[in-house]
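K.L.:
I'd like to ask some things about the structure below.
Numbering (the working numbering), first residue to last: 13 to 278.
Here's what the structure looks like:
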């Protein structure tokens with residue numbers, strides 16, 4: 013098999029894998045620990061433990077107690093459980109000399125009798141760190157109404173445009189990587205990795221809540237999905253690494269030729 017064909021096959025396989033979803037690959041030890049502490053506190057009905065892990069002054073004790081009461085009515089004490097991270101967004105903002113890091117994560121929690129969804133926001137900055145927001149709902153997987161490849165009949169024109177843009181983005185990445193492999197510019201290995209980099213902007217609307225933010229990641233998908241719990245999730249993912257390569261391609265190849273001539277002269 014020719015090398016170019018091998019590269020094409022490899023990235024076609026990767027393309028199919030990530031279109032089908034690879035949420036199980038998500039992992040963050042720090043957030044896993046936070047979720048485990050919340051579950052332990054819920055099993056002990058220990059509101060103090062959760063409140064002490066909150067970000068400084070994010071809520072008053074009265075506000076926390078009011079929201080915790082609804083949470084404790086949902087949770088049923090369990091002896092064993094498993095957790096699965098479904099989504100993660102890490103956002104760094106710089107305010108003067110201060111760096112504010114925000115984690116937004118979603119977990120599914122499975123017990124022997126029930127299942128739950130935990131959404132939490134964790135913030136870290138010069139003032140301290142801790143839970144910035146926390147929500148528990150019964151059940152795990154909200155039904156996807158429209159916006160995916162499996163809901164073709166229900167998808168709107170906007171939703172199909174987002175999905176088609178995703179397909180074209182991955183085709184563009186595959187073409188870019190094949191070109192990098194064939195032309196082999198300087199630092200071509202780094203460029204092959206960079207070509208898979210996306211800048212993604214996400215807007216997530218849930219009842220009585222709204223999240224928006226941008227992040228750099230690999231293998232993102234543009235989509236506008238609507239779920240049965242009235243959640244709307246819009247992601248626009250641009251393959252910035254591949255775009256940057258084509259903008260710099262002539263310069264990179266020119267530099268490669270210059271380096272080759274210098275080596276020949278030496």
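Think of the CB as a built atom: it goes at the ideal place given N, C-alpha and C, for glycine as much as any other residue.
Can you tell me the Cα-Cα spacing of residue 197 and residue 228, whole angstroms?
P.N.:
Approximately 24 Å between the Cα atoms of the pair.
K.L.:
The beta strand (DSSP E) with residue 199 in it runs from where to where?
P.N.:
No beta strand (DSSP E) holds residue 199; DSSP gives it neither H nor E.
K.L.:
Along the chain, where does the beta strand (DSSP E) that runs through residue 105 open and close?
P.N.:
93-107 is the extent of the beta strand (DSSP E) around residue 105.
K.L.:
For residue 186, which of 248, 219 and 254 has the nearest alpha-carbon?
P.N.:
For the residues 248, 219 and 254, the minimum Cα distance to residue 186 belongs to 254.
K.L.:
At what residue ranges does the segment 105-145 contain a whole run of the beta strand (DSSP E), taking only runs of 3 or more?
P.N.:
With a minimum length of 3 residues, the continuous beta strand (DSSP E) runs that stay inside the segment 105-145 are 110-123 and 127-137.
K.L.:
Given a threshold of 16 other Cβ atoms within 10 Å of its Cβ, counted over all protein chains shown, does residue 222 qualify as buried or as exposed?
P.N.:
Exposed, because fewer than 16 other Cβ atoms sit within 10 Å of the Cβ of residue 222.
K.L.:
Looking at the secondary structure, which residues open and close the beta strand (DSSP E) in which residue 47 lies?
P.N.:
Run containing residue 47: none in the beta strand (DSSP E); it sits in the alpha helix (DSSP H), 41-55.
K.L.:
Where does residue 163 fall in DSSP's three states?
P.N.:
Reduced to three states, the DSSP call for residue 163 is helix.
K.L.:
Do residue 211 and residue 201 have their beta-carbon atoms positioned less than 8 Å apart in this structure?
P.N.:
Not a contact, by the Cβ cut-off of 8 Å.
K.L.:
Taking the alpha-carbon of residue 80 as reference, which of 205, 97, 61 and 94 has the nearest alpha-carbon?
P.N.:
Ranking the options by Cα distance to residue 80, first place goes to 61.
K.L.:
For residue 247, which of 174, 259, 257 and 206 has the nearest alpha-carbon?
P.N.:
The candidate whose alpha carbon is nearest that of residue 247 is 174.
K.L.:
Given that a residue counts as buried once 16 or more other Cβ atoms are within 10 Å of its Cβ, and exposed if not, what is residue 82?
P.N.:
With fewer than 16 other Cβ atoms within 10 Å, it is exposed.
K.L.:
Between residue 87 and chain C, is there a C-beta pair that is closer than 8 Å?
P.N.:
The structure shown contains no chain C, having only a single protein chain.
K.L.:
As a quick exercise: from 236, 90, 114 and 188, pick the residue whose alpha carbon is nearest that of residue 259.
P.N.:
Among 236, 90, 114 and 188, the Cα nearest to that of residue 259 belongs to 188.
K.L.:
In whole angstroms, give me the CA-to-CA distance for residue 265 and residue 162.
P.N.:
Roughly 42 Å separates the two Cα atoms.
K.L.:
Counting beta carbon pairs with one atom in the segment 141-148 and one in the segment 59-77, are three or more of them shorter than 8 Å?
P.N.:
The segment 59-77, when compared against the segment 141-148, does touch it at the 8 Å Cβ threshold.
K.L.:
Rounded to a whole number of angstroms, what is the C-alpha to C-alpha distance between residue 165 and residue 76?
P.N.:
Straight-line Cα distance between these residues: approximately 43 Å.
K.L.:
Can you list, in chain order, the residues of its chain with a C-beta nearer than 7 Å to that of residue 236? Leave out the 5 residues immediately preceding and following it.
P.N.:
These residues qualify, in order along the chain: 159, 170, 171, 174 and 246.
K.L.:
For residue 118 and residue 48, what's the separation of their Cα atoms in angstroms?
P.N.:
If you take the alpha carbons of residue 118 and residue 48, they lie about 13 Å apart.
K.L.:
Count the other C-beta atoms from every protein chain shown that fall within 10 angstroms of the C-beta of residue 94, then say buried if there are 16 or more, exposed otherwise.
P.N.:
Looking at its Cβ environment, which holds fewer than 16 other Cβ atoms inside 10 Å, residue 94 is exposed.
K.L.:
So is residue 46 buried or exposed if we call it buried at 16+ other beta carbons inside 10 Å?
P.N.:
Classification for residue 46: buried.
K.L.:
What are the boundary residues of the beta strand (DSSP E) that includes residue 231?
P.N.:
Careful: residue 231 lies outside any beta strand (DSSP E) and carries neither H nor E.
K.L.:
With distances taken Cα to Cα, identify the nearest neighbour of residue 183 among 250, 112, 104 and 224.
P.N.:
Selected option, being the one with the closest Cα: 250.
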